[in-house]
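J.: Listed in order, the protein sequences are those of chains E and D.
Positions in the first sequence are counted from 1; adding 102 to them yields our numbering.
Positions in the second sequence are counted from 1; adding 618 to them yields our numbering.
Ideal placement from N, C-alpha and C gives every residue a C-beta, glycine not left out.
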Amino acid sequence: MKAVSPFRHLEEGDVLVRVVFEGSEYRLRKGGNLAAELLAAGIVAIRKTVVSAAPRNPYCMMGACHDCLVSIDGVTRQACMVEVQEDMTVSMPPQRENGNA
Amino acid sequence: MLEADLVILGAGAAGMAAARTAADNGLSVVLLDEQRQPGGQIYRNVGKAGAERLKLLGSDYAAGKPLVDALTHPAITHLATAIAWQIDVKSGIACSIDGRASRVVGRRYLLATGAIERPMPLPGWTLPGVMTAGAAQILLKQSAIVCTDAVLVGSGPLLYLVAAQMARAGSPPLAIVETQTRRDLLAAMRHGLGALRGWRYLAKGIVLLSEVRRAGIKRHVAATDIAIDGKEMAEAVSFTAGGKQYRIECSTVLLHHGVVPNNSAARSVGILHEWNRRQRCFVSRRDEWGRTNVAELFVAGDGSAIGGANAAVISGRLAALEIARELGVISLTERDRKAVSLNASLNCELAARPFLDRAYPPFAAAVLPADGTIICRCEEVTAGEIRRFAGLGCIGPNQAKAFSRAGMGPCQGRYCGLAVTELLAHANRLTQDETGYYRIRPPLKPVTLGELAAIADDTSN
């Protein structure tokens, strides 16, 4: 499941914790930025669009574009605004209620 | 509910500087920010970055550390991870921290919401693997993560900085595909004399360019016909330059052609905006202290008009001084005395802007994209659809929004608004001011019903 990531960590890792994304287990850096750590883990589609189910990945990393929306324990949030915590269950947001506020 | 003399939205360069100046002059300050650490985007995470990261990112980044340190002051309350979703001069700023909503009420408000990357709609720009150049910098600043096979695309000195930082990290970009032309540079020379007062910026640019050259990074200039190829993710950038066609395989494409004010919050409270031709974006109408048409509301920094981090610091301090005067803690004379040196440095900081804006204009084909290009990332609306609605008599972005859903997705128009204005203005032969912009309404960020309900309790207390 884990693709080779085009992103590379420059500094030694802190504590790695278990995070489930779309049913697969990953070891991500605890307290790291969730969107960044998923990119570094080789995730190539963090969500699919509501309109055409096109794959998307984080675009702006600063909380503006909302392209990194994920569902974390059932709540839709921006992955770039969330810290990695142990045993987080992350999935693509549900197709119909994709944070259309 | 929290109260303060001054409530500042945004802990970037302008907001941090304003907070300290206000506190030094006797005001109580609440500084609200979405991120965990103060710094905004330009100084993102600077307070936590270690020596190695500071060295890699350079001295302009490290310059943000004193601003962060200066927030340690008894009169400053910094509220981190606060997502502001409604701004109202009377009832305060409604925000959520960890899903808990509350209000922050001030006697004055300063919006220091910073810049976002100018949207760069190109064929393929929604593919995974395409990010803003700013996003690549944020990955470096926040997480010490570097893209290993990226191509930088667009125009502006930031591309050279990002390329140099990536090279220092041991992963130089495969190429920089630049859209500005020799003609742009010649036209910019007209501003040469003015720019001399801002010579530090030009000198920095030259140093960065030589670093890019030494790192062996290939530059293609005056590129046109740029597209990002790929099915499920970015696979290559194709373009024409110097009469030749190129295709560079890569897994990351970093886009940048300038930054524009992130003015959603300001628009939501009715602050007036006007088109700035040189910056090619809307800037807020304000006086030299950042005072707006809305009583008790001030703006500062790049969220108001693009001037860069140092100018943002100064504009934040100027606004804080005027607010201190309005609230009666300093006299007019004192305000003016303190503003003298600030205004002198502001002039220097802004001197190079006309040159830079002219030398690195936005990429024309991304300002008015081809019909098939998606302009609204959220609702996947194309430029062609917007043109079609213009043909049906659609004059302004709010009509286009109702017709197409462009601007109705979760980003609320942040990354399509300017494109819609430009497309409609061009199609209808109107100015950007006549065409206008989306009417921005709260909530500024998606908010749950539970948070809305909680805020009612908070208000009644």
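Under the DSSP definition of a beta bridge, which residues are partnered with G772/D?
T.: E796/D, H874/D
J.: Can you tell me which of A681/D, V648/D, D651/D puts its alpha carbon nearest to the alpha carbon of V664/D?
T.: Comparing Cα-Cα distances from V664/D to each of A681/D, V648/D, D651/D, the minimum goes to A681/D.
J.: Name the DSSP beta bridge partners of H168/E, please?
T.: Paired residues: none, contrary to the question.
J.: Report the rounded CA-to-CA distance for G724/D versus P791/D, giving the unit in angstroms.
T.: 46 Å
J.: To which residues of the same chain is A787/D closer than 8 Å at the C-beta, ignoring the five residues directly before and after it?
T.: Excluding residues up to 5 positions away in sequence, L674, L758, V764 lie with their Cβ nearer than 8 Å to the Cβ of A787/D in the same chain.
J.: What would DSSP say about A719/D, mapped onto helix, strand or coil?
T.: strand
J.: Say the cut is 7 Å; is the CB of A688/D nearer than that to a heavy atom of the ligand FAD?
T.: Judged by which ligands are present, the structure shown has none, so any question about the ligand FAD falls away.
J.: Buried or exposed, going by whether 16 or more other CB atoms sit within 10 Å of the CB of M164/E?
T.: buried
J.: To the nearest whole angstrom, what separates the beta carbons of L1036/D and P737/D, a pair I think is in contact under 8 Å?
T.: A Cβ-Cβ distance of about 6 Å is found for the pair L1036/D and P737/D, placing them in contact under the 8 Å criterion.
J.: First and last residue of the alpha helix (DSSP H) that includes D1105/D?
T.: The structure shown does not extend to residue 1105/D, since chain D is modelled only from 619 through 1079, so no value can be given for it.
J.: On a Cα-Cα basis, can you pick out the residue from A1008/D, I1073/D, K836/D, A806/D that is closest to E796/D?
T.: K836/D
J.: With H, G and I counted as helix, E and B as strand and the rest as coil, what does DSSP make of T910/D?
T.: coil
J.: Establish whether the CB of E735/D and some CB of chain E are separated by less than 8 Å.
T.: yes
J.: Once DSSP output is grouped into helix, strand and coil, what is the label at E940/D?
T.: helix
J.: Are there 16 or more other CB atoms within 10 angstroms of the CB of E127/E, so buried, or fewer, so exposed?
T.: With a 10 Å radius around the Cβ and a threshold of 16 neighbouring Cβ atoms, E127/E comes out exposed.
J.: Do three or more CB pairs link the stretch 827-847 of chain D to the stretch 729-745 of chain D at distances below 8 Å?
T.: yes
J.: For the pair the stretch 651-669 of chain D and the stretch 1018-1029 of chain D, tell me if three or more CB-CB distances fall below 8 Å.
T.: no
J.: Use the C-beta contact count for A669/D: other C-beta atoms within 10 angstroms, 16 or more gives buried, fewer gives exposed.
T.: exposed
J.: By how many angstroms is the C-alpha of D678/D removed from the C-alpha of I824/D?
T.: 15 Å
J.: Touching or not, the stretch 950-964 of chain D and the stretch 927-942 of chain D, by the rule of three or more beta carbon pairs under 8 Å?
T.: yes
J.: Does DSSP classify L1062/D as helix, strand or coil?
T.: coil
J.: What residues in the stretch 729-754 of chain D have a beta carbon less than 9 Å from any beta carbon of chain E?
T.: G732, I734, E735, W743, T744, L745, P746, G747, V748, M749, T750, G752, A753, A754
J.: Quick check: the Cα distance between R895/D and C1034/D, rounded to an integer number of angstroms?
T.: 19 Å
J.: Would you verify that the beta carbon of M183/E is, or is not, closer than 8 Å to some beta carbon of chain C?
T.: Going by chain labels, chain C is absent from the structure shown, which instead holds the protein chains E and D.
J.: Just how far apart, CA to CA, sit S882/D and I174/E?
T.: Within the model, the alpha-carbon separation for S882/D versus I174/E is close to 26 Å.
J.: In whole angstroms, what is the alpha-carbon distance linking R726/D and G908/D?
T.: 12 Å
J.: Does the beta carbon of Y128/E sit closer than 8 Å to a beta carbon anywhere in chain D?
T.: No, its Cβ sits nowhere closer than 8 Å to a Cβ of chain D.
J.: Would you mind giving the Cβ-Cβ distance between A181/E and V172/E, rounded to the nearest angstrom? I have them listed as a contact below 8 Å.
T.: 5 Å
J.: Between the alpha carbons of G201/E and T151/E, how many angstroms are there, rounded?
T.: Confidence is the limiting factor: at G201/E the pLDDT is only 44, short of 50, which leaves the residue's position unreliable, though a coordinate-based value still follows. Linking G201/E to T151/E through their CA atoms gives a straight-line distance of about 11 Å.
J.: Which residue's Cα is closest to the Cα of L873/D: Q655/D, S773/D, L728/D?
T.: S773/D
J.: Taking the C-alpha atoms as reference points, what is the distance between M807/D and F973/D?
T.: 7 Å
J.: From the DSSP secondary-structure annotation, give me the bridge partner or partners of Y128/E.
T.: V121/E
J.: Could you check the C-alpha separation between D954/D and A938/D for me, to the nearest Å?
T.: 12 Å
J.: How far does the beta strand (DSSP E) with F1087/D in it extend, from its first residue to its last?
T.: For chain D, the structure presents residues 619 to 1079; residue 1087/D sits outside this window and is missing.
J.: Go through its chain and collect everything with a Cβ distance to N1079/D's Cβ below 7 Å, but skip five positions before and after it.
T.: Residue placement at N1079/D is flagged as unreliable, the pLDDT there being 47, under the threshold of 50; a coordinate-derived value is accordingly withheld.
J.: Under 8 Å: do the stretch 638-656 of chain D and the stretch 141-148 of chain E share three or more Cβ pairs, one atom per stretch?
T.: no
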